[in-house]
């Protein structure tokens, strides 16, 4: 339970920290030569170099941005073998990337993200971008980072400049631009245990003084880190394997010093057996060995195209950003996570004399097509006032086709049905659920933000954004093998109607620069995530329509809003050799969207938890006393709870109540009303429950040494990551939802022989081979089993690289 005492204590600690840094800054200001000394230290190779980020739609030093933002450079990514978004766990305060069903990645910052996995109707709570272009489907976030310069993580709602879907924050992957400076490139290849192979290459070619192209290619392949033991015909069916390729091609044309056009495409293809999702009831104790009998698979293909036009005038810099994306994903997995005999023993009910031997999803196909257009203007004049203004239009169509089988026979390897299967095909009877649906979303927004220098040290920033969102869809489903069609295909989607909404969001901030190296800031920001349509309920399949029960799943769900209050400080000390950034925040959250069960079977959808409060403290620091030694550390302490009454219905609780009332399995349909009443009675109040995806403690520390060894330079790095335990869902069912903590140690050693432009790198990831639980995932559909997914085991990778 979160107490006011804890919050007061957190604010007191933050105030003390601000007072300390402010006092230190005043003392430092007494030395008139401090700034010059810092610059000299940076030029000599000692101290800390600046990182430029695009946090406010313009290039700005990370230390000058009055908000919580972290940057993970390409070198940091490589040293920790981070090649997708999941690897960022522990590297950034407050960031949690949790695996969900199939290829889903649930990204949260400070506990705010998405509580609606596997649902294309909703937007994420953390917006994901590549070079400023919004990525619509979270499955695409699992694509490898290709030719990355850095990854920027903005913590907290970004209500003005990034808008909807940024209630928790924003992640922007920045790639390397083509350059006309010189021909340059790099190539590397690596091998490791688990038959690990990697390769990547990049080539930058100036074609003229005004035109350059850059291409990059990479692949990663390894055997499974885990395996299933009961798949027919395969002794060890590999899971958590990897086999992906990706390439990127870009061109930049700069016919004048004030005008440029940059074009990019990124193509990514992955085909694997899918993630290892281990049922917590699996009798096998080894976390890497799964008692499963269905051969999972995961195929993901993404296509990304972007074009950026930049024109600099004496008045403003005008930028146009255009993006087009396609994604096709096919997932299949063992939804019961057990073999037939174990699952039957678990599900057998003497009241109905029935049990299930399998629950399998042979196909969950997702397709996304989307495009976006943004135009913004950034002031280009001197004076006390600077500003940015713009508009954005986004259009996305998200379709999905699902087949699920749940039975008690021995035909548990049934294939998915073609989408055009006839309504009278006898194989439809074996389906426990099928769905064909599509959601189209359109939005436009206008925003403006300005900063005014009240004095030479004090700045006021204010901004506002108008958001308009519209969604419409089509939907049809089959439940229990019974459909409503009398001719044609067995699934024939019809309109679910449309929904539109608008919202104003914005920001007000003050920042005070005590010295060029020391700054404090305070801000208020409002974030927004749009509501949408519950397809099943809108089609009349929930208790809201059937019985008129107000607490049941409704045809539409409300938008989320968050009011964020934050104070922070950014500092450099000791001649730019010590950097200390800290922040404290309080969120008042309204109408958090989450997946909820309906009293009627297969009527589940999205509901809104009325109110929540989240608060915490974050710290990032770097100490670099010389060019030979550096220590980086970050950490967060986070608290959060639901602060209003809401009686939520959990799928597992509803099923248990239905069985206890004597209507398990198919008896629900022959006792429709009484069974629904029993399920409705399983609701539980979530007030006081902890906000999900919110580790109380999380952090990392890394030490890096660089020095001459023999005829070359050695760089050695050791990193410790700790990710605390957290509740996976807002139901806070301790046995089900509590994701355990883990600690991970990574090592890296790179040797660069002098004058050769080559390097030899040894990486050891998860040195002590910890079976850390990345995520505990409770399937909201089907048999409602609970699964653990694990971080990779110990990886030892040796790579060779050459650059020119």
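Residue numbers (the working numbering): 235 to 1038.
For every residue, glycine included, the Cβ atom is placed at its ideal position computed from N, Cα and C.
Proximity of residue i and residue j at Cβ, strictly below 7 angstroms
i, j, result
"residue 1027", "residue 910", "no"
"residue 366", "residue 388", "no"
"residue 681", "residue 619", "no"
"residue 701", "residue 737", "yes"
"residue 684", "residue 606", "no"
"residue 435", "residue 417", "no"
"residue 1000", "residue 1024", "no"
"residue 300", "residue 743", "yes"
"residue 534", "residue 563", "yes"
"residue 962", "residue 917", "no"
"residue 327", "residue 757", "no"
"residue 330", "residue 339", "no"
"residue 997", "residue 315", "yes"
"residue 1008", "residue 1037", "no"
"residue 614", "residue 624", "no"
"residue 346", "residue 401", "yes"
"residue 510", "residue 460", "yes"
"residue 705", "residue 766", "yes"
"residue 868", "residue 845", "no"
"residue 450", "residue 516", "no"
"residue 287", "residue 305", "yes"
"residue 741", "residue 525", "no"
"residue 1014", "residue 932", "no"
Outcome for residue i when other beta-carbon atoms lying within 10 angstroms are tallied against a minimum of 16
i, result
"residue 598", "buried"
"residue 1022", "buried"
"residue 958", "buried"
"residue 628", "buried"
"residue 261", "Residue placement at residue 261 is poorly supported in this model, since its pLDDT is 37, which falls under 50; the coordinates still yield a value, given next. Residue 261 comes out exposed."
"residue 818", "buried"
"residue 566", "buried"
"residue 854", "buried"
"residue 442", "exposed"
"residue 899", "buried"
"residue 519", "exposed"
"residue 731", "exposed"
"residue 489", "exposed"
"residue 637", "buried"
Sequence-distant residues of the same chain with beta carbon closer than 6 angstroms to residue i, five excluded per side
i, result
"residue 725", "670 and 710"
"residue 561", "371, 374, 536 and 602"
"residue 593", "569, 570, 640, 1016 and 1017"
"residue 495", "487 and 543"
"residue 1020", "514, 970 and 1012"
"residue 458", "472, 473, 474 and 475"
"residue 541", "497 and 556"
"residue 1033", "422, 424 and 995"
"residue 977", "956"
"residue 676", "629 and 704"
"residue 554", "543 and 609"
Same chain, Cβ closer than 7 angstroms to residue i, five either side skipped, listed in chain order
i, result
"residue 256", "Because the pLDDT at residue 256 is just 38, under 50, the model does not fix this residue reliably, and the value given afterwards should be weighed accordingly. If we look at residue 256 and ignore the five residues flanking it on each side, its Cβ neighbours are 748 and 754."
"residue 455", "431, 476 and 477"
"residue 842", "791, 792, 825, 826 and 827"
Residue-chain proximity (residue i, chain B), Cβ-Cβ < 7 angstroms
i, result
"residue 792", "No chain B is present in this structure, which holds just one protein chain."
Cβ-based neighbour list, residue i, same chain, cut-off 8 angstroms, excluding 5 preceding and 5 following
i, result
"residue 664", "639, 641, 645, 648 and 715"
"residue 350", "356, 827, 828, 829 and 840"
"residue 947", "940, 941, 985, 986 and 988"
"residue 862", "939, 940 and 941"
"residue 894", "912"
"residue 591", "574, 575, 577, 578, 641, 642, 643, 644 and 646"
"residue 547", "492 and 614"
"residue 1029", "315, 426, 427, 428, 430, 997, 998, 999 and 1000"
Contact belief for residue i with residue j at Cβ below 8 angstroms, rounded distance in angstroms
i, j, result
"residue 693", "residue 745", "5 angstroms"
"residue 796", "residue 837", "The Cβ separation is near 29 angstroms, so there is no contact."
"residue 574", "residue 527", "6 angstroms"
"residue 950", "residue 936", "Not really, about 11 angstroms apart at Cβ, beyond 8 angstroms."
"residue 390", "residue 729", "The pair is not a contact, with the Cβ atoms about 38 angstroms apart (cut-off 8 angstroms)."
"residue 412", "residue 447", "6 angstroms"
Requested in this report: Give a yes or no on contact between the stretch 319-334 and the stretch 771-790, applying the rule of three or more CB pairs nearer than 8 angstroms.
Outcome: no
Query raised in the report: Is it a yes or a no for the stretch 571-584 touching the stretch 624-638, going by three-plus beta-carbon pairs under 8 angstroms?
Result: no
Query raised in the report: If you pair each beta-carbon of the stretch 887-899 with each one of the stretch 972-979, do three or more pairs fall below 8 angstroms?
Result: no
Query raised in the report: Using 8 angstroms as the threshold, is the stretch 469-483 in touch with the stretch 982-997, meaning 3 or more CB pairs across them?
Result: no
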